[in-house]
Structures are given as C-alpha cells and as structure tokens.
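Visitor:
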Amino acid sequence: MRLENSTWPQVEKYLQEKQLIIVPVGSTEQHGPTGIFGTDYVTAQKIAEAVGDRHAVMVAPPLCFGMAEHHLAFPGTMSLRPSTYVNVIVDLIRSLRQNGFEKILFVNGHGGNIAPMTTAFSESKSLEDQTALMLINWWHLPEVREYEDQHFGDQNGFHATVGEVSVTMYTNAEAFHTIPKENFTVKKMNHPWPLSGKEFRKHFPDGRMASNPGLASEGHGRKIFDIAVDSICRKVTEIQQGHYPFK
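Those letters in the sequence shown? Residues 0 to 246, per numbering that gives the first Met the number 0, in order.
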C-alpha cells in the first residue's frame, strides 16, 4: 500500500487493522563518477515498497533529502543540516502518531542519517511520545554484508559502494544506459571523521570512499535487493507479532 496513492478514508480503514507504517529515508547526493544522485533514497524506497507489498503494510513517500553536508563540494548535492534533519524526523513522527500510527519503521539508505535519526528518536521520546520507533539501515543487514564480503571483499568500500550501485543498476537500469563502465583503484582511508565538504573532496576527489564500483552489476543488485527485502520482511513479521527484533 502506498500512502501517496491512498485517500484518507482508506488510511483510516487501514488503521483499524494495522498501525504500522514504513518510511523510507535517504539523501540526494553524489555517488562517485558512476553512481546516481538518488542512490540512497531510491534503494530505501524500492526495498521498503517491496516489503510493504509482501506484507500489505502502508509505505510512506520517501524523504529524499538527508544529512549530506560532507558531499556539498560536489555539484548537485542537496543537504539538510543535522539540526534541521532532527526536526524534520521529529515532526514526521509527531504527525504519524497523531494520525494513529503506533509503529514506525524507517528504512534508511544513507549513513549520514544515522546519527541525527537516533537523536530524533531520543527527542521524540523526551516529548513522551509512545510510538514504537525502529530504524533499519539496509546495507548494514548481516545477510547483505555477508553477500558483499563474499563477492566484493575490500573493494566494496564505504561510499559509492559496489553494493549500493549494483542495487540501483537493478532498480533504475535505464539511468545507466548513458553512464560509461569504469574500473577503479581503491584508495585506503586515513583521515579523521567527520569531514567538511571541502575536506571530503580533498581526500576523495572523485567522490568514492575506498570503493570500486566498476565491479557493480545489475545481477548483483538483484540478489542484494532480494536479500535485503527478505531480511526486513522477517523483521516485519516479528513486529506484527508484537516482538521487536532490534538491539
């Protein structure tokens, strides 16, 4: 079920049976010379929608902008400051809770969102919000990591990774028709974190972080996508049974 394609009476009827909604979140930012700007929100959205379809669970439209300050030296990147992102998430939680959603599962596609998302959860709880709040970073799922370690090893990297580029090759294949295939050398990381936009561009001039996206393929993307969906579906089953499989 897609919130954007639903009417309010349909949502009201849904809430009589289920109180869970999945919210995909990501970012609009550079992903190296061969990765698309929508990588983080596209992967989160497509994975969330597949999970929602399998479980007949409501899926919200994606939050396409995230905390991407460190990518601002690359043209096209759009970022929310950490404080802004926290406030946006707190307001979304407040809105959904007032609507009647008691369980909110955020499926995240961007590492820069993790810290402000955690802060937003704490902020919501400080306001005595009773919503069950859950965060899944799909690329951190153990099953996904196992596949990527097996097939890409130390070439996967930390940004513009082989895995995430592969998933977008599967979900958005048409976008790659005009992107030339390249192979890349992997530069080991040796720097403090976090970095400003200028510092990031200095350390990673083409936008990659220790990755070789030349290894990416639609076939790998399909497999990683299915692995992520299956893993999250198992968690959703537990959530619907009243268990919360999160540490």
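For each residue, glycine too, the CB sits at the ideal point set by N, CA and C.
#1: For A131, report the span of its beta strand (DSSP E) as first-last.
#2: Mind checking which residues open and close the beta strand (DSSP E) that includes I35?
#3: Rank Y40, G99, M0 by C-alpha distance to the C-alpha of N171 and give the top, closest one.
#4: Leaving out the 5 sequence neighbours to the left and right, which residues in its chain are closer than 7 Å to F120 when beta-carbon positions are compared?
#5: In the DSSP assignment, find the beta strand (DSSP E) that holds I113 and state where it starts and stops.
#6: Do L95 and A49 count as a contact pair if the criterion is CB distance below 9 Å?
#7: Please return the same chain residues whose Cβ sits closer than 6 Å to the Cβ of P81, not counting the five positions on each side in sequence.
#8: Tell me the DSSP bridge mates of V22?
#9: W192: buried (16+ other C-beta within 10 angstroms of its C-beta) or exposed?
#10: Would you mind working out which of E142, F199, M57 sits nearest K102, comparing C-alpha positions?
#11: How would you label E163, buried or exposed, when you count the other beta carbons within 10 angstroms and need 16 or more for buried?
#12: Am I right that G31 and G206 are in contact with their C-beta atoms under 8 Å? What's the rounded C-beta distance?
#13: To the nearest angstrom, how far is the alpha carbon of F64 from that of T76?
#14: Taking just the CA atoms, how far does V106 sit from V22?
#15: Quick check: what's the CA-CA separation for H150 versus V143?
#16: Please name the residue in L14, G34, N112 whose C-alpha comes closest to that of M208.
#17: Report the three-state DSSP secondary structure of M208 (helix, strand or coil).
#18: Taking Cβ to Cβ, would you say W137 is nearer than 9 Å to I231?
#19: Looking only at its own chain, which residues have a Cβ that is under 7 Å from the Cβ of A47, when we skip the five neighbours before and after it?
#20: Are G220 and Y169 close, meaning C-beta to C-beta below 9 Å?
#21: Mark A215 as exposed unless 16 or more other C-beta atoms lie within 10 angstroms of its C-beta, in which case mark it buried.
#22: For L140 versus I226, is the C-beta distance shorter than 9 Å?
Guide: Quick look at the numbers:
#1: A131 -> beta strand (DSSP E) spans 131-136.
#2: First-last for I35: undefined, no H or E at that position.
#3: Of Y40, G99, M0, the residue nearest in Cα terms is Y40.
#4: So the list reads L132, once near-sequence residues are dropped.
#5: Per DSSP, I113 belongs to no beta strand (DSSP E); it is in the alpha helix (DSSP H), 113-125.
#6: Going by C-beta atoms, A49 is not nearer than 9 Å to L95.
#7: These residues qualify, in order along the chain: M66, P115.
#8: Paired residues: F105.
#9: Answer is exposed; the Cβ neighbour count stays below 16.
#10: Among E142, F199, M57, the Cα nearest to that of K102 is on M57.
#11: Buried.
#12: 4 Å between Cβ atoms; contact.
#13: Whole-angstrom Cα-Cα distance: 9 Å.
#14: One C-alpha to the other measures close to 6 Å.
#15: So the two alpha carbons sit approximately 11 Å from each other.
#16: When only C-alpha atoms are compared, the closest one is G34.
#17: Residue state for M208 is assigned as strand, using DSSP reduced to three classes.
#18: I231 is positioned such that its CB atom lies closer than 9 Å to that of W137.
#19: In its chain, beyond the 5 residues on either side, I21, P23, V58, V106 have a beta carbon closer than 7 Å to the beta carbon of A47.
#20: Inclusion of G220 and Y169 in the CB contact set at 9 Å is warranted, their separation being smaller than that value.
#21: Around the beta carbon of A215, 16 or more other beta carbons sit within 10 angstroms, so the residue counts as buried.
#22: One thing to note: L140 has its Cβ within 9 Å of the Cβ of I226.
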